[in-house]
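A.B. asks: Please see the structure below; I have some questions.
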Amino acid sequence: DVKVTQSSRYLVKRTGEKVFLECVQDMDHENMFWYRQDPGLGLRLIYFSYDVKMKEKGDIPEGYSVSREKKERFSLILESASTNQTSMYLCASRPRTGGTTGELFFGEGSRLTVL
Amino acid sequence: GQQLNQSPQSMFIQEGEDVSMNCTSSSIFNTWLWYKQDPGEGPVLLIALYKAGELTSNGRLTAQFGITRKDSFLNISASIPSDVGIYFCGRGTSYGKLTFGQGTILTVHP
């Protein structure tokens, strides 16, 4: 079974702190994604990566950066956390295919609270 | 930005009732996917649709890809308590990234 593991289920940080959210997948998937989930807004794409050291902005990249130094690991970074970044963060991965579709495999999520 | 409109936002139903939710888009897409998120978990794929008009079932779940390629619906028949969760529609774009709807929160009363 595909396993996408997010390092922390719950985090509480203070405004201005630097925050790292780590995600590891064990199925050698090329593509990895970070989404943010908020009530009434669904899942919104922050950043994605289709290869090591490659990254693309999603729909809401402001205030975030990412790092993909190894194929299995995709990190989301909040350089200076703000209260409006309090949210559930979901990591996902999928293999590269020739088409535009395909199942995304999600982690269990990391709930971040910024005080 | 997000271009999918999913409705309803929430549903409260009795066990045994049928459920219907839908997703519409302002653009044409080649793929519709339906995901379910159980409480405390990440979303899991339920059904994938790849062709206009396609009707696909997965147990008590049925989903259809609209003829216009701008909409899709998901039906759940004879709901049970474990159907509780958030249901998301999604459409595929380049690099396999998905854009999702706002989600439908389903509550089933025993």
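Protein sequences appear in the order of chains R and W. So for the first sequence, my numbering puts the first residue at 1; every next one is plus one. So for the second sequence, my numbering puts the first residue at 1001; every next one is plus one. Glycine residues also receive a C-beta, built at the ideal position from the N, C-alpha and C atoms.
Between Val24/R, Gln85/R and Phe20/R, which lies nearest to Phe105/R when the distance is taken from Cα to Cα?
C.D. replies: Val24/R
A.B. asks: Against chain W, does Leu115/R count as a neighbour if the rule is that its beta carbon must be under 7 Å from one of theirs?
C.D. replies: no
A.B. asks: Does any residue of chain R have a CB that is nearer than 7 Å to the CB of Gln1064/W?
C.D. replies: no
A.B. asks: Assess contact between the region 30 to 37 of chain R and the region 84 to 96 of chain R, defined as three or more Cβ pairs (one per stretch) separated by less than 8 Å. Is contact present?
C.D. replies: yes
A.B. asks: For my contact list, Phe1029/W and Arg1069/W are in at a C-beta cut-off of 8 Å; report their separation, rounded to the angstrom.
C.D. replies: 6 Å
A.B. asks: Ser1010/W and Gly1105/W - do their beta-carbons sit closer together than 7 Å?
C.D. replies: It is worth fixing the name first, because residue 1105/W is Ile in this sequence and not Gly. Going by C-beta atoms, Ile1105/W is nearer than 7 Å to Ser1010/W.
A.B. asks: Should Val52/R be labelled buried (16 or more other beta-carbon atoms within 10 Å of its own) or exposed?
C.D. replies: exposed
A.B. asks: Flag Lys1051/W as yes if its beta-carbon sits less than 7 Å from any beta-carbon of chain R, otherwise no.
C.D. replies: When Cβ-Cβ separations below 7 Å define contact, Lys1051/W makes no contact with chain R.
A.B. asks: Determine the chain R residues that contact Leu1045/W at a beta-carbon separation under 7 Å, and present them in chain order.
C.D. replies: Result: Glu103.
A.B. asks: Below 6 Å CB to CB, which residues in the same chain sit around Glu22/R once its five sequence neighbours on both sides are set aside?
C.D. replies: Ser7 and Ser75
A.B. asks: Quick one: is Gly1001/W buried, meaning 16 or more other Cβ sit within 10 Å of its Cβ, or exposed?
C.D. replies: Because the pLDDT of Gly1001/W is 49, which lies under 50, any placement of that residue in the model is unreliable, and the question is left without a value.
A.B. asks: Mind checking whether Ala1063/W and Trp1034/W have CB atoms under 7 Å apart?
C.D. replies: yes
A.B. asks: What's the call for Leu1098/W, buried or exposed, on a 16-neighbour Cβ count within 10 Å?
C.D. replies: buried
A.B. asks: Between Lys18/R, Tyr47/R and Arg73/R, which has its C-alpha nearest Val4/R's C-alpha?
C.D. replies: Nearest option by C-alpha distance: Arg73/R.
A.B. asks: Cβ of Gly1001/W less than 7 Å from any chain R Cβ?
C.D. replies: In this prediction, Gly1001/W scores a pLDDT of 49, lower than 50, which makes its location untrustworthy; the coordinate-derived value is nonetheless stated afterwards. Yes, because at least one Cβ of chain R sits closer than 7 Å to the Cβ of Gly1001/W.
A.B. asks: In whole angstroms, give me the CA-to-CA distance for Phe1073/W and Arg94/R.
C.D. replies: Each residue's Cα considered, the two are about 24 Å apart.
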